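Line order of the protein sequences matches chains X and W.
To convert, note that position 316 of the first sequence is 316 in the UniProt record's numbering; the numbers rise steadily by one, no gaps.
To convert, note that position 322 of the second sequence is 322 in the UniProt record's numbering; the numbers rise steadily by one, no gaps.
For every residue, glycine included, the Cβ atom is placed at its ideal position computed from N, Cα and C.
Computed from a predicted structure; not experimentally measured.
Below is one structure, written out as structure tokens, with a few remarks after it.
There are 2 protein chains.
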Amino acid sequence: MSQSTGVSARAAAPRRARVQGTVRIVGAGLLGASIGHALSALGIDVALDDTSPSQLRLAVDYGAGRRAADTDEPALIVVAVPPDVTADVIERELARHPSAVVTDVASVKLEPLRALRARGADLTRYIGSHPLAGRERGGAIAARADIFVGRPWVVCRDEETSPADLALVEALALDLGATPVEMSPEDHDRAVALVSHVPQLIASLLAGRFLGAPDASLGLAGQGVRDTTRIAASAPELWVQILGANAEPVVDVLDALAADLGAVADALREPDASGSRRTVADTIRRGNEGVERLPGKHGQNRRFETVVVMVDDTPGQLGRLFGELGELDVNVEDLRLEHSPGAQFGLAEISVVPSAVTRAVEGLEERGWKIASTTND
Amino acid sequence: MSQSTGVSARAAAPRRARVQGTVRIVGAGLLGASIGHALSALGIDVALDDTSPSQLRLAVDYGAGRRAADTDEPALIVVAVPPDVTADVIERELARHPSAVVTDVASVKLEPLRALRARGADLTRYIGSHPLAGRERGGAIAARADIFVGRPWVVCRDEETSPADLALVEALALDLGATPVEMSPEDHDRAVALVSHVPQLIASLLAGRFLGAPDASLGLAGQGVRDTTRIAASAPELWVQILGANAEPVVDVLDALAADLGAVADALREPDASGSRRTVADTIRRGNEGVERLPGKHGQNRRFETVVVMVDDTPGQLGRLFGELGELDVNVEDLRLEHSPGAQFGLAEISVVPSAVTRAVEGLEERGWKIASTTND
């Protein structure tokens, strides 16, 4: 999935927008304003609307688009409002703009669709979508044109979807640098329950256990637990809405987790019971295999090998390193620079295609670099 | 906490060691070899021992110390072997070196102490300790002198501990740049159950749920779930030992978590039951408060600012970027290269000292680089 694709020279050149006409964005928060910034940068006319005058002013002042006017005739409307009002706003926009295609970016897709069906809304012009993008901070002020780049953008087609409308929403995703992914609302909601909603709850539940703990205990916390609980810092209001709107799939995963958790707790309670040791080992081993299935960074990309090079981080050293990798015609697919206080050197972890490892290692060593290790992860 | 400062000239300058005499290290894995590197750098005579000849050779070749000799008369012995053999090795070392102070670095403190008491070992010269440090990769080859810097190092004193011996073990921690923290073995084990052992299990259990999921679902995974499950990549063997050795405190936390998890699942099952909404909101809110109690800013370093530069990843591009940063006399404190499928470019997130931001941004823009953003996180 998340393979580091070679990035082409086209990148720098201004791209031509796929979306044509005015795009109306309802809700100028993080997602709405970020979409506005990206589309405006492509020269698209962006009309912003928001129930909060201050939020709207911020978004306009920061360049996400112009204020919407009653005379606007948008080709596409993006509804980027909180989940609990998404269906209302979609229904209203469909009625107000009888020729526009309406999409939304809510993180749950089945409930708004059900609500709209129940109200007998004309769904031929509605296509639910969900860009898997965000930041820890919300609001127009945190908006960034690049938050969608390289991220999946789920587009929910159903029997009522016209190919032209689908193409328009996918064009929006592509204009923002995202990768359109077609899914049914049901599959989408099950997927985000597993990879987003339950991880949020688990991080929150774990962090919640810190409340009763003495400071001295928490003083022993390291990067591991900080990563595990990082998203526990998310805003309650939004999450209560999201979890409520996707309760069924979330509960299914929670129940399965509760059973696994109970089993490993029992195994630790009865270390001598037959299979106890095995249960604990399997829990960790299944976790190893599961995390390997995640795309991207920590799901470490199996397509590349890592060459770890020692560098002292005086200015120019990295320049020399990557310059020489360039001379060796070694393309750096991904990299991490690691160093800590007191370290005598930094470690540059460079991901390269397997076929380039030998060339990189030998070439760098000839040029006097110390290779700390070469791994397969 | 673990902050990534630039490797300063000061770091290179030799510090005076607090520990005097020969330090014998039994177990030349990640922790043992890292301690060896740090002490050797301080000019201390380090005698390494390991049951694995190849591990020992690696550690010696990489400069962690010299091979131990039968004639060694160590002042301090550091036992850095797997948990399941820690007590045996401590007992043996106490007997073999009747004048040495013996400490260990095992991540569980009560069980080895109980085992040694049960065997009637002379505990007046033993002081259990636990440096809260590590890396994802293990073994002598992953060893680094700086992994203890700024980390807590728990030292377990009990009625049998002599002040002089305690001072020696704390001197070791201080020589390695760690912060000694005195705790009872019981308090230590409860603390690591909460901030280390249970988070490991929870990350493993969550990642284990990915095994049955379709690729398309996992394709929607973002940074949040990757962080939440990152430590699920840890090695099973070691964790089965650690969890087994600290079962009681771990089970206590697991049971409390299971109850919380059951409550929030029921609340989502019965959204209209009185207090359901409240239960979900409280779960997220308690998580907010809990995560705030963790030391360190979720690993983020407040001392640096981030400049995000767009790069196409053709060979030499990063070389050009870092070469020009060198020309601008901008030192890269840390960096991350981000790019994903379909991306039109990669994003190089470069951490620099605040005073260098303007110089970096202006200088790079003059040279034709596109700055995606400049943030404070």
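Cβ distance (whole Å) where residue 363 of chain X is taken to contact residue 328 of chain X below 8 angstroms
4 angstroms
Do you know offhand how far residue 106 of chain W's Cα is from residue 210 of chain X's?
23 angstroms
Flag residue 153 of chain W as yes if its beta-carbon sits less than 8 angstroms from any beta-carbon of chain X, otherwise no.
no
When you check each C-beta in the segment 315 to 327 of chain X against every C-beta of chain W, which residues fall closer than 9 angstroms?
315, 316, 317, 318, 319, 320, 321, 322, 323, 324, 325, 326, 327
Grab me the residues of residue 102 of chain X's own chain with a C-beta within less than 7 angstroms of its C-beta, minus the 5 sequence neighbours each way, in chain order.
77, 79, 90, 93, 94, 125, 126
Would you say residue 221 of chain W lies against chain X (beta-carbon separation less than 8 angstroms)?
yes
Tell me whether residue 323 of chain X sits in a helix, a strand or coil according to DSSP, three-state version.
helix
Starting from the Cα of residue 351 of chain W, find the closest Cα among W:323, W:304, W:160, W:374 and give me that residue.
W:304
Through-space distance from residue 332 of chain X to residue 356 of chain X, alpha-carbon basis:
10 angstroms
If distances are taken between C-alpha atoms only, which option among W:168, W:294, W:33, W:226 comes closest to residue 221 of chain X?
W:294
Can you tell me which of the three DSSP states residue 297 of chain X falls into?
Residue placement at residue 297 of chain X cannot be trusted, given a pLDDT of 45 that sits under 50; what the coordinates show is reported in the next sentence. Note: residue 297 of chain X maps to helix in three-state DSSP.
Taking CB distances under 8 angstroms as the criterion, tell me whether residue 361 of chain X reaches chain W.
no
Would a C-beta distance cut-off of 8 angstroms place residue 25 of chain X and residue 48 of chain X closer than the cut-off?
yes
Beta-carbon proximity of residue 336 of chain W to residue 144 of chain X, cut-off 8 angstroms
no
Kindly say whether residue 61 of chain X, judged by its beta-carbon, lies nearer than 8 angstroms to any beta-carbon of chain C.
Chain labels in this structure do not include chain C; the protein chains are X and W.
In three-state DSSP terms, what is residue 49 of chain X?
strand
Spell out a yes or no on whether the segment 247 to 260 of chain X and the segment 182 to 200 of chain W are touching, meaning 3 or more CB-CB pairs, one atom from each, closer than 8 angstroms.
no
Does DSSP classify residue 341 of chain W as helix, strand or coil?
Low confidence applies here, because residue 341 of chain W scores a pLDDT of 40, under 50, leaving its location unreliable; read the following figure in that light. Coil at residue 341 of chain W, not helix or strand.
Candidates W:308, W:239, W:288, W:82: closest to residue 264 of chain X by CA position
W:239
According to the Cβ coordinates, are residue 21 of chain W and residue 50 of chain W closer than 8 angstroms?
no
If I measure Cβ to Cβ from residue 72 of chain W and keep anything under 7 angstroms in the same chain, skipping five residues before and after, which residues do I get?
22, 24, 47
Pick from W:202, W:163, W:244, W:308 that is closest to residue 278 of chain X, judged by C-alpha positions
W:244
Quick check: the segment 158 to 172 of chain X against the segment 211 to 218 of chain X, are there 3 or more CB pairs under 8 angstroms?
no
Residues in the segment 267 to 299 of chain X with C-beta within 8 angstroms of chain W's C-beta atoms, listed in sequence order?
268, 269, 271, 277, 280, 281, 283, 284, 285, 286, 287, 288, 289, 290, 291, 292, 293, 294, 295, 296, 297, 298, 299
Rounded separation between residue 171 of chain W and residue 18 of chain W - CA only:
6 angstroms
For residue 181 of chain W, which residues in chain X fall below 8 angstroms Cβ to Cβ?
216, 219, 220
Option in X:361, X:366, X:367 with minimal Cα separation from residue 373 of chain X:
X:361
For residue 128 of chain W, three-class secondary structure by DSSP
strand
Cutting at 6 angstroms between CB atoms, please list the residues of its own chain near residue 111 of chain X, excluding the five before and the five after it.
245
Could you spell out where the alpha helix (DSSP H) holding residue 195 of chain X opens and where it closes?
Taken as a continuous stretch (DSSP letters only), residue 195 of chain X belongs to no alpha helix (DSSP H), as it is neither H nor E.
Unbroken alpha helix (DSSP H) run spanning residue 229 of chain W, endpoints
223 to 229
Close beta carbons around residue 321 of chain X, own chain, < 8 angstroms, minus the five adjacent residues each side
309, 311, 348, 364, 369
Measuring alpha carbon to alpha carbon, tell me which of W:226, W:268, W:241, W:228 ends up nearest residue 242 of chain X.
W:268
Residue-chain proximity (residue 209 of chain X, chain W), Cβ-Cβ < 8 angstroms
yes
Quick one: what's got a C-beta closer than 7 angstroms to residue 81 of chain W's C-beta in the same chain, skipping five residues either side?
26, 27, 89
Rounding to the nearest angstrom, what Cα-Cα distance links residue 317 of chain W and residue 326 of chain X in this structure?
8 angstroms
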